[in-house]
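Peer 1:
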Amino acid sequence: MTLAPFYAAPLHIKAHILAALVVVGLSPLQFWGFRKGTILHRVSGYLWMAAMVTVALSSFLISSTFPVRIGPFGPIHLLSVLALFSVVRAILYARAHNVTGHRQTLVGLSIGFWAAAAFTLLPSRLMGAIFFGS
Numbered sequence: 003m004t005l006a007p008f009y010a011a012p013l014h015i016k017a018h019i020l021a022a023l024v025v026v027g028l029s030p031l032q033f034w035g036f037r038k039g040t041i042l043h044r045v046s047g048y049l050w051m052a053a054m055v056t057v058a059l060s061s062f063l064i065s066s067t068f069p070v071r072i073g074p075f076g077p078i079h080l081l082s083v084l085a086l087f088s089v090v091r092a093i094l095y096a097r098a099h100n101v102t103g104h105r106q107t108l109v110g111l112s113i114g115f116w117a118a119a120a121f122t123l124l125p126s127r128l129m130g131a132i133f134f135g136s
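Residue numbering for the sequence shown follows the working numbering, beginning at 3 and increasing consecutively.
Printed below as a string of structure tokens:
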């Protein structure tokens, strides 16, 4: 493992990675650690949501390397649009005390996040270079 590719990356990619790491770190606490409805769950949830929004928004500054794309945007950017929609939806469900809708939305958002995160470990990607070398 080497952090050299991270240090060499532009600021927006560093922000994207750091926000994703916040999501990774808080996810187990949100889903299995903190009791639902407590102040810890709510505060951690808002941090999780802010990190997820940062991940989604910063992704629009990262050009796709996928062969099929529109300008700098590839299919992965559709997940970012869906993530932003899901964050708003999850907050609205929580405020309406719709626990089922809130949970289902965040489980779906998390599955999408982890699926996208798995692709970052490919050897041609920055996280792949960090974890497995170039």
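Just so it is clear, CB atoms sit at the ideal spot from N, CA and C, and this is done for glycine as well.
Remember, it's a predicted structure, so these values are computed and weren't measured experimentally.
To the nearest angstrom, how far is it from the Cα of residue 78 to the Cα of residue 98?
Peer 2: Whole-angstrom Cα-Cα distance: 30 angstroms.
Peer 1: To the nearest angstrom, how far is it from the Cα of residue 7 to the Cα of residue 14?
Peer 2: Roughly 14 angstroms separates the two Cα atoms.
Peer 1: What does DSSP give as the partner residues of residue 72 in its beta bridges?
Peer 2: According to DSSP, residue 72 bridges with 75.
Peer 1: Pull up the CB-CB distance for residue 89 and residue 55, whole angstroms please, since I reckon it's below 8 angstroms.
Peer 2: Correct: roughly 6 angstroms between the Cβ atoms.
Peer 1: Sorted by chain position, which residues of the same chain lie with C-beta nearer than 6 angstroms to residue 123's C-beta, five sequence neighbours on each side aside?
Peer 2: Excluding sequence neighbours, residue 123 sits near 129 and 130.
Peer 1: Taking three-plus beta-carbon pairs below 8 angstroms as touching, is the region 24–39 in contact with the region 70–87?
Peer 2: No, they do not touch.
Peer 1: Looking at the structure shown, is residue 88 part of a helix, part of a strand, or coil, going by DSSP?
Peer 2: The answer is helix: DSSP assigns residue 88 an H, G or I state.
Peer 1: With 16 other CB atoms within 10 Å as the buried threshold, where does residue 63 fall?
Peer 2: By the 10 Å Cβ count, residue 63 comes out exposed.
Peer 1: Unbroken alpha helix (DSSP H) runs of length 4 or more, entirely within the region 36–74: which are they?
Peer 2: The region 36–74 contains these whole alpha helix (DSSP H) runs: 41–61.
Peer 1: Of all the options 40, 34, 52 and 85, which has the alpha carbon lying nearest to the alpha carbon of residue 117?
Peer 2: Closest option to residue 117, Cα to Cα, is 85.
Peer 1: For my contact list, residue 4 and residue 135 are in at a C-beta cut-off of 8 angstroms; report their separation, rounded to the angstrom.
Peer 2: Sure, about 6 angstroms apart at Cβ, within 8 angstroms.
Peer 1: Count the other C-beta atoms from every protein chain shown that fall within 10 angstroms of the C-beta of residue 132, then say buried if there are 16 or more, exposed otherwise.
Peer 2: By the neighbour-count rule (16 or more Cβ atoms within 10 Å), residue 132 is buried.
Peer 1: Between residue 74 and residue 66, which are expected to be in contact by the criterion C-beta below 8 angstroms, what is the C-beta distance as a whole number of angstroms?
Peer 2: Contact holds; Cβ gap of about 6 angstroms.
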